[in-house]
Amino acid sequence: MSTLPLLPTTVVGSHCKPGWWHLVQEEACKGNLGPTDLQEALDTAVDIAILDQERAGIDIISDGEMRRGLHFYRTYYARLQGVQTAPPQRRLGEPGYDTRESYEVVGRIAAPEGMGIVREFEYLKAHTRRPTKVTCAGPQTFTWGVTLRDGYRDDRELLYDFARIINAELRALAAAGATFIQVDEPAFTRWAADGKTFAEIYNATVEGVQAKLALHICFGNHHGRPTAKRTYRPLFPGVLAARADQFVLEFANRELAEIALWKEFGDGRELGAGLLDQKSYYIETPEDIAERIRVALWYVPRDKLYINPDCGLHPTPRWVGLQKLRNMVEGARIVRRELGAE
Ligand SMILES: [Zn+2]
Numbered sequence: 172m173s174t175l176p177l178l179p180t181t182v183v184g185s186h187c188k189p190g191w192w193h194l195v196q197e198e199a200c201k202g203n204l205g206p207t208d209l210q211e212a213l214d215t216a217v218d219i220a221i222l223d224q225e226r227a228g229i230d231i232i233s234d235g236e237m238r239r240g241l242h243f244y245r246t247y248y249a250r251l252q253g254v255q256t257a258p259p260q261r262r263l264g265e266p267g268y269d270t271r272e273s274y275e276v277v278g279r280i281a282a283p284e285g286m287g288i289v290r291e292f293e294y295l296k297a298h299t300r301r302p303t304k305v306t307c308a309g310p311q312t313f314t315w316g317v318t319l320r321d322g323y324r325d326d327r328e329l330l331y332d333f334a335r336i337i338n339a340e341l342r343a344l345a346a347a348g349a350t351f352i353q354v355d356e357p358a359f360t361r362w363a364a365d366g367k368t369f370a371e372i373y374n375a376t377v378e379g380v381q382a383k384l385a386l387h388i389c390f391g392n393h394h395g396r397p398t399a400k401r402t403y404r405p406l407f408p409g410v411l412a413a414r415a416d417q418f419v420l421e422f423a424n425r426e427l428a429e430i431a432l433w434k435e436f437g438d439g440r441e442l443g444a445g446l447l448d449q450k451s452y453y454i455e456t457p458e459d460i461a462e463r464i465r466v467a468l469w470y471v472p473r474d475k476l477y478i479n480p481d482c483g484l485h486p487t488p489r490w491v492g493l494q495k496l497r498n499m500v501e502g503a504r505i506v507r508r509e510l511g512a513e
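Here the sequence shown is numbered in the working numbering, starting from 172 and rising by one per residue.
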């Protein structure tokens, strides 16, 4: 990645879904699409995600997680043995975390054919010349999303089994040529309310993975709603034991609260700073973004700062998200010019 500019721009993972993508999902759920129909539609969706990011000028792109269904990890449960679906807890009213279908672990989990992320990466790699980032939910996210019925003594045993399966996928990704891999986890769970435990779980997940590694810690983004207490402070400094080259954190939707943590605890590692609020319909101007970058530079060395949205763009309408991405790139260019680095 030696060709990257100063203040590289990137995404957290998911891209805005075109309107027809939702129609395709609905028809697929009703059983109205054959496997070829679905594959063609999802390939096209990834092509669009790649083009959108390239045209916006994003330096490191993803495949937009376009193959992952409406809820970013549900597709993976479908690829795992030992997991079955259950109806949502709530069906009436505004959609939220409790209106998703839920998942139950009914036996030992296994992924005999992998989790499918290697195939996603291979398609991405074959269709862009830009540097890429590949993302995968971490074991805390997976365990948080299921109810344990059978197969394990307790959630903790299940958590480490998820870590084992994800680790195999990440090693396969690195072997397939992925050079930048990001693990996504929610900010607080009952297994790791403290940073040290959080780091232990993460380190088990990435053990032996030969790639640049990022850890995205998230407050939740489903339907644009958070699910965790929006503070990172209790995780520091313990979480710095995570073997991550880069931390990818949310700041824009909290008016840059806690970005000073990087001065207080920063140990020379990179920060992927969320400086674009993908939850808001307010479209930040390039100058808004430039202003946030200038603030971030008070706390983060310029060669350690990456610019990204707070989280994935899957809840953001495409017409909003596209303009936001363009403006984020333009904001980074403004600051690069000021630094004499454009
Ligand atoms: Zn996130």
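For every residue, glycine included, the Cβ atom is placed at its ideal position computed from N, Cα and C.
For F351, the enclosing beta strand (DSSP E) stretches over residues F351 to P357. If you draw a 10 Å sphere on the C-beta of A364, you find fewer than 16 other C-beta atoms in it, and that means exposed.
Following the DSSP letters along the chain, one finds G443 inside the beta strand (DSSP E) bounded by residues E441 to L447. Under the 10 Å beta carbon count, T174 is surrounded by fewer than 16 other beta carbons and is classified as exposed.
When DSSP assignments are scanned along the segment 370-450, the uninterrupted stretches of beta strand (DSSP E) that are 3 or more residues long and fall wholly within it turn out to be 383-389, 417-421 and 441-447.
If you draw a straight line from the Cα of G278 to the Cα of R473, it comes to about 48 Å. Closest option to I232, judged by alpha-carbon separation, among C389, R300, R342 and W192: R300. By the Cβ criterion, the segment 319-338 is in contact with the segment 280-299, since at least three pairs of Cβ atoms, one from each stretch, lie closer than 8 Å. Annotation for G483 indicates a beta carbon within 7 Å of some heavy atom of ligand 1. Under the three-state reduction of DSSP output, C200 falls in the helix class. The residues R504 and R507, in chain order, have a CB closer than 7 Å to that of E513 in the same chain once the five nearest residues on each side in sequence are set aside. If you look at A308, you'll find it in the beta strand (DSSP E) that goes V305 to A308. Looking at A399, C200, H298 and E421, the one whose alpha-carbon comes closest to that of Q224 is H298. F351 and T303 do touch by the CB rule: their CB atoms are close to 7 Å apart, below 8 Å. Excluding five sequence positions before and after Q494, the CB atoms of its chain that fall closer than 7 Å to its own CB belong to I454, given in chain order. C307 has its CB no nearer than 7 Å to any heavy atom of ligand 1. At the C-beta level, K475 and R440 come within 8 Å of one another. CA-CA distance, P357 to R497, rounds to 27 Å. Note on geometry: alpha-carbon atoms of G379 and R262 lie some 43 Å from one another. DSSP places V471 outside any beta strand (DSSP E), giving it a letter other than H or E.
If you check the C-beta of D223 against ligand 1, you find no heavy atom less than 7 Å away. For L510, same chain residues with a beta-carbon under 7 Å away, outside a window of 5 residues either side, are L177 and R473 in chain order. Taking 7 Å as the cut-off, the C-beta of V183 counts as close to a heavy atom of ligand 1. If you look at Y274, you'll find it isn't in any alpha helix (DSSP H); it sits in the beta strand (DSSP E) that goes S273 to A281. In the structure shown, G502 adopts helical secondary structure according to DSSP, grouped into three states.
Following the DSSP letters along the chain, one finds L341 inside the alpha helix (DSSP H) bounded by residues D326 to A346. Taking C-beta separations shorter than 6 Å and ignoring five residues to either side along the sequence, the partners of L427 in its chain run V466, following chain order.
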